[in-house]
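In the UniProt record's numbering, the protein residues as written are 3 to 144.
Each residue gets a CB set at the ideal place from its N, CA and C atoms; glycine is no exception.
What follows is a set of notes on a single structure, which appears directly below.
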Ligand code: DQA
């Protein structure tokens, strides 16, 4: 099984970025945990982070030519703005889970709309880093 985990803008700053909202774990900590879960399941997991919308679109498009079967995506702020990321996900047609560390629904109203949610298999928000692990375990089981 091949799973692609995508992290969008500013998630490279986890650990120091608004820790009251996003927690103290770094992106490297989160990715290390995901790699452990993947290894236990004998699955192939790839991780990609970018602060650039077009690079995220390119990586999504690249799944047409690699072995990716499932995508887990935290698109960060692009969740609320990016028709391009939505269209890329639709173009490749792979099932995906949308993850947010914070509970976007208890935050500013502009975070309540997502361009991805109605296309997602599921959405996880507010569980912190565990949200990625929960999404990964679902993807591995399906
Ligand atoms: C986020 C929530 C977004 O609103 C925000 O722009 C982020 C992170 C989260 O993981 O909680 O960058 O996706």
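Proximity of residue i and residue j at Cβ, strictly below 8 Å
| i | j | result |
| --- | --- | --- |
| residue 72 | residue 98 | yes |
| residue 84 | residue 117 | yes |
| residue 96 | residue 121 | no |
| residue 94 | residue 66 | yes |
| residue 21 | residue 78 | no |
| residue 3 | residue 64 | no |
6 Å CB neighbourhood of residue i in its chain, flanking five on each side removed
| i | result |
| --- | --- |
| residue 106 | 113 and 127 |
| residue 43 | 142 |
| residue 33 | 49 |
| residue 69 | 4 |
Cβ-heavy atom distance, residue i to the ligand DQA, below 7 Å
| i | result |
| --- | --- |
| residue 30 | no |
| residue 66 | no |
| residue 33 | no |
| residue 119 | no |
| residue 102 | yes |
| residue 12 | yes |
| residue 95 | no |
| residue 48 | no |
| residue 18 | no |
| residue 106 | yes |
Neighbourhood of residue i by C-beta distance below 7 Å, restricted to the same chain and skipping five residues each side
| i | result |
| --- | --- |
| residue 136 | 126 and 129 |
Residue i in three-state terms, based on DSSP
| i | result |
| --- | --- |
| residue 53 | coil |
| residue 124 | strand |
| residue 95 | coil |
| residue 67 | coil |
| residue 22 | helix |
| residue 138 | helix |
| residue 100 | strand |
| residue 48 | strand |
| residue 144 | coil |
| residue 12 | coil |
| residue 6 | strand |
Contacts around residue i, its chain only, beta-carbon distance under 8 Å, and the 5 residues preceding and following it disregarded
| i | result |
| --- | --- |
| residue 138 | 5, 7, 36, 39, 40, 47 and 74 |
C-beta neighbour in chain D for residue i, strict 8 Å
| i | result |
| --- | --- |
| residue 87 | The question asks about chain D, but that chain is absent: this structure has only one protein chain. |
Three or more C-beta pairs below 8 Å linking the region 55–67 and the region 12–20: Using a Cβ-Cβ distance cut-off of 8 Å, the region 55–67 and the region 12–20 are not in contact, since fewer than three pairs of beta carbons, one from each stretch, lie closer than that value.
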